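S.K.: Listed in order, the protein sequences are those of chains Y and V.
Take the first sequence: its position 68, counted from the start at 1, is 67 in numbering that gives the first Met the number 0, and no numbers get skipped.
Take the second sequence: its position 19, counted from the start at 1, is 18 in numbering that gives the first Met the number 0, and no numbers get skipped.
Protein chains: 2
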Amino acid sequence: MKIGEIARRTDTPIRLLRYYEEQGLIEPDRMPNGYREYDEHLVDRVHQIRGLLDVGLPTRVIRQILPCLNEPQTIHMPYITPDMVETLEHERDRMAEKIRYLIRNHDAINAYLDATERHASEE
Amino acid sequence: MKIGEIARRTDTPIRLLRYYEEQGLIEPDRMPNGYREYDEHLVDRVHQIRGLLDVGLPTRVIRQILPCLNEPQTIHMPYITPDMVETLEHERDRMAEKIRYLIRNHDAINAYLDATERHASEE
DNA sequence: TTTGACCCTCACATAGGTGTGAGCCTTCAG
DNA sequence: CTGAAGGCTCACACCTATGTGAGGGTCAAA
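#1: Pull up the DSSP beta-bridge partners for residue 85/V, would you.
#2: Distance cutoff 9 Å, beta carbons only. Does residue 144/V sit that close to anything in chain Y?
#3: Cα-Cα, which of 3/Y, 43/Y, 58/Y is closest to residue 127/Y?
#4: Would you call the CB atoms of residue 47/Y and residue 16/Y closer than 9 Å?
#5: Could you say if the region 85-93 of chain Y and the region 104-120 of chain V meet the contact criterion of at least three C-beta pairs nearer than 8 Å?
#6: With distances taken from CA atoms, which of 108/Y, 100/Y, 5/Y, 80/Y is nearest residue 39/Y?
#7: Can you name the residues of chain V whose CB is closer than 9 Å to the CB of residue 94/Y?
#8: Tell me which residue opens and which closes the alpha helix (DSSP H) that residue 45/Y is part of.
#9: State yes or no: is the beta carbon of residue 59/Y nearer than 9 Å to at least one beta carbon in chain V?
#10: Taking the straight line between their C-alpha atoms, what separation do you get for residue 0/V and residue 65/V?
#11: Would you grab the beta carbon distance between residue 107/V and residue 105/Y for me? Rounded to a whole angstrom, and I think it's under 8 Å.
#12: Under 9 Å, do residue 41/V and residue 61/V count as touching if we go by C-beta distance?
#13: Would you say residue 11/V lies against chain Y (beta-carbon separation less than 9 Å)?
Set out below in structure tokens:
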């Protein structure tokens with residue numbers, strides 16, 4: 000599909016699709032006329048990228064961990080460097096921290112909303 | 000305590016402590032000589048702010064939800080507007096989404112690391 | 001009284017993600 | 001053939017969190 004369609008389907012500005020490409024996160028083919036050609040699987044990929052950006056990872060990190068996330072993993076198993084392992088462990092731990100943090104705050108907001116609701120219905 | 004100490008204790012650049020203040024996230028007192036004076040409870044507060052920034056919330060949002068998180072909540076119960084409730088619900092839902100997202104990716108990285116480890120030990 | 005550590009404000013700079021427009025080419029329907 | 005829609009590159013602009021430095025005050029210990 001062309002850029003306009005994937006933009007619609009992923010609800011992502013065209014500008015950003017080109018930016019993600021520039022950052023090495025996606026590599027659409029090119030048609031003979033120079034137009035970008037997006038394979039179906041890139042739809043998921045774009046969603047994934049946006050999700051990771053949304054939780055605060057920079058493109059530099061996303062570029063590194065993306066290949067390990069939902070591809071046929073066994074293929075590049077042997078190619079992984081100790082350096083990569085370290086990055087992955089580090090990001091995994093950071094994610095765990097963020098998860099704990101988000102849960103705590105999510106629950107706190109929830110408790111607060113519950114309390115206000117109860118408070119309101121008691122009047 | 001003065002800014003240098005809270006900076007050390009929260010591992011936060013002084014520059015950012017002043018920035019958080021400028022953004023209305025903390026309000027340290029002032030000493031007669033103009034120095035900022037930080038109460039003990041601001042240590043937690045700063046940690047909280049940094050945590051929220053780290054998971055991708057902008058200061059604008061943090062400013063809104065912070066008062067609801069770990070204070071004696073009953074006090075400002077009655078002051079909450081429907082508008083605020085909406086913001087809180089929205090942010091709570093966004094947090095839930097991020098949590099799901101992070102867990103999925105955290106687990107994926109973990110699975111990948113496990114697999115590489117198993118792979119390595121089988122050789 | 002001087003020195004050094006620490007504080008103040010102001011202000012310009014940077015990096016990353018994103019917005020926006022100019023100038024130009026391709027494709028397709030009317 | 002023409003016009004509209006959509007594609008391309010390039011480039012400047014913006015916002016937010018953060019870095020950094022200048023110029024200057026406060027205070028305590030030597």
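In this text, a Cβ means the ideal position worked out from N, Cα and C, and glycines have one as well.
Computed from a predicted structure; not experimentally measured.
M.R.: So, from the data block:
#1: Here residue 85/V refers to the residue found at position 86 of the second sequence. BP columns for residue 85/V are empty, so no partner.
#2: Here chain V comprises residues numbered 0 to 122, so residue 144/V is not present and cannot be evaluated.
#3: Residue 127/Y cannot be examined here, being either before or after the span of chain Y that is shown, 0 to 122.
#4: Translated into the one-based positions of the first sequence, residue 47/Y becomes position 48. Translated into the one-based positions of the first sequence, residue 16/Y becomes position 17. Not a contact, by the Cβ cut-off of 9 Å.
#5: yes
#6: Position 40 of the first sequence, counted from the first residue, corresponds to residue 39/Y. Measuring from the Cα of residue 39/Y, the nearest candidate turns out to be 5/Y.
#7: Position 95 of the first sequence, counting from 1, holds the residue named residue 94/Y. Within chain V, the residues near residue 94/Y are 101, 102, 104, 105, 108.
#8: As a working note, residue 45/Y is residue 46 in the first sequence. Unbroken alpha helix (DSSP H) run through residue 45/Y: 40-53.
#9: As a first step, residue 59/Y must be located in the first sequence, where it is residue number 60. Cβ-Cβ to chain V under 9 Å: no for residue 59/Y.
#10: Working through the second sequence from its first residue, we reach residue 0/V at position 1. Working through the second sequence from its first residue, we reach residue 65/V at position 66. Roughly 22 Å between the two C-alpha positions.
#11: Position 108 of the second sequence, counted from the start, is the residue given in the question as residue 107/V. Position 106 of the first sequence, counted from the start, is the residue given in the question as residue 105/Y. Going by Cβ atoms, the distance from residue 107/V to residue 105/Y rounds to 21 Å, so no, they are not a contact pair.
#12: Here residue 41/V refers to the residue found at position 42 of the second sequence. Here residue 61/V refers to the residue found at position 62 of the second sequence. Contact flag unset, no.
#13: Indexing the second sequence from 1 puts residue 11/V at position 12. Residue 11/V does not count as touching chain Y.
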